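Visitor: Letter 8 of the sequence shown, counting from 1, is numbered 8 in this note's numbering, and no numbers are missing.
We put the CB at the ideal spot given by N, CA and C, even for glycine.
In this text the structure is predicted, and so the values were computed from the model without any measurement.
Input: one structure, supplied below.
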Amino acid sequence: MSATVWAGIALTTDKNAKIHTLIAIPYNPYEPQPYQFWTLAGMLDLEQELMVAEKFWDFLGGEGAYNDLLDCFEQAGMELRPEIDEYFARFNK
């Protein structure tokens, strides 16, 4: 369904709803460099129509949400490291 349809549906129940239609990329594989993908150049207003990593997660969860999420993944990774290593060891044979 297009963003226009979703915006229309939301506005039928609340004509004052704040609608944000944008492209969201939850992870920046180029970190710590800014996300730069040549196909986006000139297609989008990058400040208004694109949210990548920290900007996206902080938009959803409030300031600091992205860092909290990274902390959760780090903690889970440390706790589950033996299981993760065991799983991937099957592919190194």
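1. Tell me whether the beta-carbon of phenylalanine 56 lies closer than 8 Å to the beta-carbon of isoleucine 84.
2. What did DSSP end up calling isoleucine 19 once you bin it into helix, strand or coil?
3. Are the beta-carbon atoms belonging to leucine 69 and leucine 50 less than 8 Å from one another?
4. Any idea what DSSP makes of leucine 46, helix, strand or coil?
5. Among residues of its own chain, excluding the 5 on either side of tyrosine 66, which ones have a beta-carbon nearer than 7 Å to its beta-carbon?
6. Whole angstroms are fine: how far does the CA of leucine 80 sit from the CA of phenylalanine 73?
7. In three-state DSSP terms, what is alanine 76?
Guide: Inspection of the coordinates gives the following:
1. no
2. Coil at isoleucine 19, not helix or strand.
3. no
4. Annotated three-state conformation of leucine 46 is helix, per DSSP.
5. Ala53, Glu54, Trp57, Asp58
6. 10 Å
7. helix
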